[in-house]
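What follows is a single structure, written as structure tokens, with notes after it.
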Amino acid sequence: MTRQELLALVGAGRGVHPAAAHEVRYYARPNIAYVPFDDAPPLEYGLVWQAAADTHRIRAFAEAAVEAYGGTEVRGPSVPEGR
115 MTRQELLALV GAGRGVHPAA AHEVRYYARP NIAYVPFDDA PPLEYGLVWQ
165 AAADTHRIRA FAEAAVEAYG GTEVRGPSVP EGR
């Protein structure tokens, strides 16, 4: 399900969805109310990609992002030779 499909369901009154505070800027819709709450743990974000599509280029980008933004590590299966 895409983000737009999810928001369409919420907007149609067929569900609710927790969202990060910044999402109201990117996904504002007239039929959805974003209600802040502060008694939940913060959301953590990370890069994800399909393991079967892992390449040295993707791994290098992920490692650069971790270094630039103070992350902890790049985890996942090792990249097959030649990719």
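Residue numbers (this note's numbering): 115 to 197.
All C-beta atoms, glycine included, are put in the ideal place defined by N, C-alpha and C.
DSSP-derived helix/strand/coil call for L161: coil
CB-CB length for V124 against V130, believed under 8 Å: Yes, they are in contact, since the Cβ atoms of V124 and V130 sit about 6 Å apart, within 8 Å.
7 Å CB neighbourhood of A176 in its chain, flanking five on each side removed: L161 and V188
Under the three-state DSSP convention, the category A126 falls into: coil
Cβ neighbours of T186 in the same chain (closer than 8 Å, five flanking residues each side left out): V180
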